[in-house]
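Since the structure comes first, as structure tokens, the remarks are kept for the end.
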Amino acid sequence: QVQLQESGPGLVKPSGTLSLTCAVSGDSISSNWWSWVRQSPGQGLEWIGEIYHSGSANYNPSLESRVTISIDESKKHFSLNLKSVTAADTAVYFCTRGVEYGGYDYFGYWGQGTLVTVSS
Amino acid sequence: SALTQPPSASGSPAQSVTISCTGTSSDVGAYKYVSWYQQHPGKAPKLIIYEVDKRPSGVPDRFSGSKSGNRASLTVSGLQAEDEADYYCSSYAGSDNGVFFGGGTKLTVL
Numbered sequence: 006q007v008q009l010q011e012s013g014p015g016l017v018k019p020s021g022t023l024s025l026t027c028a029v030s031g032d033s034i035s036s037n038w039w040s041w042v043r044q045s046p047g048q049g050l051e052w053i054g055e056i057y058h059s060g061s062a063n064y065n066p067s068l069e070s071r072v073t074i075s076i077d078e079s080k081k082h083f084s085l086n087l088k089s090v091t092a093a094d095t096a097v098y099f100c101t102r103g104v105e106y107g108g109y110d111y112f113g114y115w116g117q118g119t120l121v122t123v124s125s
Numbered sequence: 012s013a014l015t016q017p018p019s020a021s022g023s024p025a026q027s028v029t030i031s032c033t034g035t036s037s038d039v040g041a042y043k044y045v046s047w048y049q050q051h052p053g054k055a056p057k058l059i060i061y062e063v064d065k066r067p068s069g070v071p072d073r074f075s076g077s078k079s080g081n082r083a084s085l086t087v088s089g090l091q092a093e094d095e096a097d098y099y100c101s102s103y104a105g106s107d108n109g110v111f112f113g114g115g116t117k118l119t120v121l
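Have a look at this one:
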């Protein structure tokens, strides 16, 4: 059974960098796409970006200048760095694993999510 | 949000309800990679429909999806109390834009 667990600081100062890690268990990290999705309080979902085990990554154009997603196969985790944060980046951050159907990966497995608040 | 959903929908037990998701010819209208997610309060979303109208194993057949042009729809038939949740549509939007989500629809079972 695939399990994903987000970890990282719950509070980040404005203009700082938000850093989260997603630990993967019950599955190999050497396949599928691994993504970050966030949800602002009381709001909808927003795709942040994704990474393949090879290191190839794609990002939401609206966040691309501030986002880096990386993967560490040996440690079985992948990470999110979001720099120059503002209050608008306050959200629950989910990590996900893609499930492939018909040649496309959907967000099939999700972590429980972790709330990150941007505040001084 | 890039995809437009009604903020709320409701129905009585055993009834059917349909939730719409409107995009453009560059996302919903262009690709078959339309999906729907169910999210209960305080929980992570769950994939319930993929590729417009297909259900992952374990998802009841009360959930069905369809698409016409730039508009996708999720229908929940035979409403049950446990179906009360937020529902989000999602679509691939090409290599330049990645993935779009709708703003979500809160489904209330009366």
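Heads up: the sequence lines are chains A and B, in that order.
Going by my numbering, the letters in the first sequence line up with residues 6 to 125, in that order.
Going by my numbering, the letters in the second sequence line up with residues 12 to 121, in that order.
Just so you know, even glycine gets a beta-carbon here, dropped at the ideal spot from N, CA and C.
Source: prediction; values computed, not measured.
Report the rounded CA-to-CA distance for D107(B) versus V97(A), giving the unit in angstroms. 25 Å
Drop a sphere of 10 angstroms on the beta-carbon of E105(A), count the other beta-carbons inside from all chains shown, and report buried for 16 or more, exposed for fewer. exposed
Self-check item: I60(B) and G40(B) closer than 8 Å at C-beta
Solution: no
Name the chain A residues that come within less than 7 Å of S46(B), Cβ to Cβ?
-> Per Cβ cutoff of 7 Å: Y111.
Checklist entry - chain B beta carbons: is any one of them nearer than 8 Å to that of L85(A)? => result no
Integer Cβ distance of L90(B) from S23(B), believed to fall under 8 Å: 7 Å
Could you tell me whether the segment 19–26 of chain A touches the segment 53–66 of chain A, using the rule of 3 or more Cβ pairs below 8 Å? Verdict: no, contact absent.
key: Pick from Q6(A), G13(A), L9(A), Q8(A) that is closest to L85(A), judged by C-alpha positions   = G13(A)
Self-check item: Cβ separation of T33(B) and N81(B), assumed to be a contact under 8 Å, to the nearest whole Å
Solution: 6 Å
Taking 8 Å as the cut-off, decide whether the C-beta atoms of K81(A) and V29(A) are in contact. yes
Q. Taking DSSP as the reference, what is the three-state secondary structure of A104(B)?
A. coil
Discussion item. Let me see if you follow: with CB-CB separation under 8 Å, is Y106(A) close to chain B or not?
Written reply: Interface residue, yes.
Roughly how many angstroms lie between the CA atoms of R66(B) and S59(A), to the nearest whole one?
-> 29 Å
| What do you reckon, are the CB atoms on E95(B) and L58(B) nearer than 8 Å? | no
message = Taking the alpha-carbon of T122(A) as reference, which of R102(A), D94(A), V72(A) has the nearest alpha-carbon?
response = Closest option to T122(A), Cα to Cα, is D94(A).
- [ ] Tell me where the beta strand (DSSP E) around S12(A) begins and ends.
- [x] 8–12
- Should D72(B) go down as buried or exposed, given a rule of 16 or more other Cβ atoms within 10 Å for buried? exposed
Report task. Measure the C-alpha to C-alpha separation of G108(A) and G15(A) and round it to an integer number of angstroms. Result -> 36 Å
Notebook entry, point to check: When you compare only the Cα positions, how much space is there between Q147(A) and F83(A)?
Noted result: What the structure shows of chain A is the stretch from 6 to 125, and residue 147(A) is not part of that stretch, so it cannot be assessed.
Check your understanding: What residues of chain B sit near P66(A), judged by a beta carbon separation below 8 Å?
Key -> D107, N108, G109
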